[in-house]
Every structure is written in structure tokens, then in C-alpha cells.
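Sequence order for the protein chains is A and B. In the working numbering, each number is its position in the first sequence, counted from 1, plus 28. In the working numbering, each number is its position in the second sequence, counted from 1, plus 68. From the three backbone atoms N, C-alpha and C, an ideal C-beta is built for every residue, glycine too.
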Amino acid sequence: MVADVDFWLTQFLNGLQLSMLLFLLSIGLTIIFGLMHFVNLAHGALYMVGAYAGVSAAAALGNFWAALLIAPIAVMLVGIFLYAAIIRHMRRAGPMNQVLVTFGLIFVIVDLVRIVWGDIALGMAQPAILSGPAEFLGVVYPAYRLFIIAVGLIVMAALSLVLSRTQIGAMVRAGVENDAMAACLGINVERLFFAVFCVGCALAGLAGAIAAPVFSATPSMATDILIPTLIVVVIGGLGSLRGAIAGSLIVGFIQTFGAVVMPEFASVLVYVLLAAVLIVKPAGLLPARS
Amino acid sequence: MLEVRELLAGYGETQVIHGVDLAVREGQFHAILGRNGVGKTTTLKTIVGLLPAFGGEVVLQGNSIARRQPYDIARLGIGYVPETRDIFGSLSVTENLQLAARLAARRDRKWTIERVFEFFPNLANRRENGGNQLSGGEQQMLAIGRALVMNPTLLILDEPTEGLAPIVVRQIFDKLTELKREGMTMLLVEQNFHFATRLADTVSIFGRGQCVWTGTSEALRADAELHEKWLGV
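See below:
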């Protein structure tokens, strides 16, 4: 069975699907890191909130697509609240304080979710059109998982286009590279940061809602996703879109294929890679500032 | 145009300038000279808002700017060419200029990106190149061009000749002379005595975190004792 081409192609798609979820999470985190040197460990908790928001919206409206639209907006509103209440005041507080506060936020958000939704895993129905199997290069694969891959690729392409071709993209790249000089050209970097932060939150919410039909919404997803996402950011290099793409693919595939090829070592493989990257290229593979 | 009164500033807890007074008049080329570590760059960084003023006042065309944010000060009309040039390496030459040109929409558009390319023909050949592919001289020209497309009312330059070959220094000198002839108000910090005094109408000498002398370039060149006391090595 292991020699079977179909089997490997299926694993490839599994890896790609995980990579896309990791990408949706890490892109927001890495640009926020890069632009404002702000460490937001609660980013994974926003992913969880997106899943629950999606579950509830889908249940209330009976419509998957509406839920997919509402969840990112809901998470963005949560993000705006966090920004106004906490993050704005922590901007100059230094990394240690930021890590401690946002680490604490994870537990606050997880407990709030437990109070509202309870401790059991909540499922979310896939839309009828995507609930069956589909054929991809001769392999039968769940249509919904192909949809996750497609959404990830579309977001990737859209962000690449915005960052490389538009004025606002150039402003973000300039801000990541040298925020002081960007400010001297009249760019309000703090407002730019807020806009990027909102988009990052919305993408985390989108990732959560899109993952819910496959993995269900559980309180533990806040922390489960955080470590791989942080590894993506560190491996890829802070602040860079290409780094987030490369890091997501590397971590997604290593986790997926590691679990198949050497299950005993699967859980440490990613950390070995992380250590190797940190030794060889401490700034990550494709950092925004060189 | 720009008035600095009893300005106190520095890095973190360390105060570097202790009461700087400076007045730049409209249409003037004003140079600041002084040895290393006397607070010239610190003064410029405080004027543009990158360092906080511990005390004192900075007034630009009647607006107090000492406690404003850098982006706000840039919008009020200060174009800044930092000592380290700070070209965005991941942006192309054109993108570097476009970013700065955003501001010009609300002012007279004397300086456009095309005009910068005419002013610095070297840059025109490099429009699509990344900022990190430029030579030191090209970076300096781009840094000046970037400040110009902001159509500033005051152009601030921090050691534009540092580390450049004599032929490039000559080119920069000619370009600044052209700008001066056009009536651009400029504030220049320099180590290069001849470069500065040939361009400047007015020179201020800094020593120990203060402005210790202000006068014309001619007066400074004629006063060997002054030169010896504050500028000689």
C-alpha cells in the first residue's frame, strides 16, 4: 500500500491542506511581527474563536457560506477589541511583557469559549455541494478538503498581488523594512499596523471557520495550532510573505509525511528542522529584512 | 521657516543636546558643522520627530512640532535625508519614490517622479532596480530624490557626502547648488568643511551639545581661531 502512487498523492493533498491552514494563520502573525515587532501569542486563540463563530453562524443561519463570511468579521471585531483594550497600550512594553500578556490572553479567551460553548467538540456541516468525494489527478479525495486548498491558494495569490503591486503593499513592505524611515515619508505606521492586524485577525477567523467542518471546534485548537504556526514564522523569516508560504509548506509537509514515514519521530521532526534552520540561518529562510 | 529654541534631547536616559538654538530662514541654505558626537544628528532626528524632545520648542512655519509624530511632521513639509540614507532595499527605485510622492498630492507638484529622474539621470536608468542593488552614490541620490518628491518646504540633509567618492561628492554638490538657486530652504549637517561653507549662506557651529556660533560662511572662513577651537582635529 505504501508504494501506491494514489496513497502518496493523497498524502500530498493532506500536506497541502495543512499547509494552507498554517499559511492563513502565519501570514497575519508574521507581518504583525515584522511591521511592529509585536508578539501576539493569542493569534491561535483567534483561530479557535473563528471555528466557534463559524459553527454558531452555520447553525443559526443554516448556511455554510454565510458562516464563512461572518466568522472572519466576528474575529476581526474581537481583534479590534483586543487592540483597543490591550495591545495598543503594550506597543512599547517590550517583547517579554507582550509575550506574557498575550500568553495570558490565550487562557482568558479559551475559558470564555468554554463558558459560552462548553467543553465538547462541536461539528459544522459541510455545504452539500462540497460534501462528497471528488477526483483529483485520478485520486478520490474529499471535495471539501480540496476547497480548503483552493481557498488557501486564492488568499496566497491575492496577498501576493496586494503586497507586490499596490501602493498599500509597498507601504507595508517599507514599514516592515524600516518603520522609522517610512514614518518620515508621511506614512502613519501605527494606522497601517492596525489595518494589517485586522486583516490578520480576519484570516485567522477564516482559517478557523474553514477548518471546523473537518476537525470540529474544540477549546484545545487554540494552543494546538499555535506552536506549528510560530515554527512557520520562525523558519520562514519574520515579516515576509514568501517566508510564510515557504514555512507553511515545509511544516505542513513534514508533519504530514513524517506521520506516515516515521511515525515514532513525527512529533520531533518539526523541532529538529526548527533547530537546524536557527543554526544555519538564524533570521529564517526568507526574512523581509536582509 | 524653522525655529529651534532651547531644545533638549537624547537617546533613552542619556541627554545629548543641552539647549540648542537654531533659526533657518526661508530660502536659506543653513549648514551645521561640528566635531563628532556634539549632537548634530541628534538635533536633526529630534526635529523630524524620530527622537523625543525632553524640553524646548521646535516651530515650523508657525506650527509647533516638538511633540508631533514623524509622519505628521513629514506632512507639514519636512523632507528628511538621513545619514544612513535608509533606502527601502526590497522596493524598486520607482516604488521608493512613489511612496514619498503620495504626500505631494496636497501641495504644489513642483517635483514629480519624472523630474527627479531628469535631475538624477543615473537613477532613471535604474528605475526598476531594487533599492538594495544601488551603489552608495545612487542610494544618496535616491534618498535626496525621495525627499524632493515630497515637495518639502524644508529639506534636511544629514552628511550626504559621507563615504562617497570625490566625483560623486562633486555631483551632489552641483545638485544642491541647483536646488539652492531654485530657492529651496535647506538645513545641512556636514563634516566636510569646504563642501558646507561653499554651499551655505549661514553656518552654525555645534560644540558639546549646543550651538556655539552662528554666522555667514565668509565670516567663518575668515576666522581661523574659530575653526581651530571648534572644528580642527
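- Ranked by Cα distance from B:S160, the options B:R266, B:Q201, B:D154, B:E293 are led by B:Q201.
- In chain order, F156, S158, L159, E163, N164, L167 make up the part of chain B whose C-beta sits under 9 Å from the C-beta of A:A202.
- If you check the CB distance, A:M76 and A:A235 do not come in under 8 Å.
- Taking the Cβ atoms as the reference, A:L46 lies roughly 4 Å from A:G280, within the contact range of under 8 Å.
- At a beta-carbon threshold of 8 Å, the residues of chain B lying near A:Q195 are Q166, L167, R170, ordered along the chain.
- Comparing alpha-carbon positions, the option among B:I141, B:E182, B:Y79 lying closest to B:L171 turns out to be B:I141.
- Against chain A, the CB of B:L76 has no partner CB under 8 Å away; the residue lies outside that interface.
- The count of Cβ pairs closer than 8 Å, one atom from the segment 70-89 of chain A and one from the segment 281-291 of chain A, stays below three, leaving the stretches out of contact.
- Under the Cβ criterion of 8 Å, B:R183 is not counted among the residues facing chain A.
- Counting C-beta atoms within 10 angstroms of its own C-beta, B:D154 has 16 or more neighbours from the protein chains shown and is therefore classed as buried.
- Secondary-structure assignment with DSSP links A:F164 through a beta bridge to A:V167.
- Contacts with chain A (Cβ-Cβ distance below 7 Å) from the segment 103-130 of chain B involve V116, L118, listed in chain order.
- For the alpha helix (DSSP H) assignment, the uninterrupted runs of no fewer than 4 residues enclosed by the segment 150-217 of chain A are, from N- to C-terminal side, 171-193, 195-205, 207-212.
- Burial state of B:D226 is buried, judged by a 10 Å Cβ sphere holding 16 or more other Cβ atoms.
- By the CB criterion at 8 Å, B:L112 and B:V257 fall inside the cutoff.
- Here the segment 119-138 of chain A does not lie against the segment 261-269 of chain A, with fewer than 3 beta-carbon pairs under 8 Å apart.
- Take B:V126, set aside five residues on each side of it, and the residues of its chain with a beta-carbon closer than 6 Å to its own are V72, I115, I133, A134, in chain order.
- A distance of 8 Å or more separates the beta carbons of A:I59 and A:F66.
- Residues of chain B whose Cβ lies closer than 9 Å to the Cβ of A:C226 do not exist; the shortest such Cβ separation is about 19 Å.
- Inside the segment 228-294 of chain A, DSSP marks whole alpha helix (DSSP H) runs of 4 or more residues at positions 249-252, 254-264, 269-289, from first to last along the chain.
- C-alpha of A:V179 to C-alpha of A:A186: approximately 10 Å in a straight line.
- Taken through DSSP and simplified to helix, strand or coil, A:G82 comes out as helix.
- For the segment 120-143 of chain A, there are no residues whose beta carbon sits under 8 Å from a beta carbon of chain B.
- With the criterion set as a beta carbon lying under 8 Å from some beta carbon of chain B, the segment 47-73 of chain A has no members that meet it.
- The beta carbon of A:T130 sits closer than 6 Å to those of N68, L69, A70, all from its chain and outside the five residues before and after it, given in chain order.
- Against chain A, the beta carbon of B:R143 has neighbours under 8 Å at G214, listed in chain order.
- When Cβ-Cβ separations below 8 Å define contact, A:M104 makes no contact with chain B.
- By the rule that beta-carbons nearer than 8 Å mark a contact, A:A208 touches chain B.
- Within the same chain, D226 come within 6 Å of B:P150 by CB-CB distance, once the 5 residues on both sides are set aside.
- Per the coordinates, the alpha-carbon of B:N193 lies some 34 Å from the alpha-carbon of B:K108.
- The three-state reading of DSSP puts B:T82 in strand, counting E and B together.
- Each residue's CA atom was taken as its position, placing B:V271 and B:T282 some 6 Å apart.
- Interface criterion met: the Cβ of A:A211 is under 8 Å from a Cβ in chain B.
- Here DSSP, grouped into helix, strand and coil, assigns B:G102 to strand.
- B:I133 carries a coil assignment under DSSP once its states are collapsed to helix, strand and coil.
- Excluding sequence positions up to five before and after A:G151, its CB lies within less than 6 Å of the CB of S244, all in the same chain and listed in chain order.
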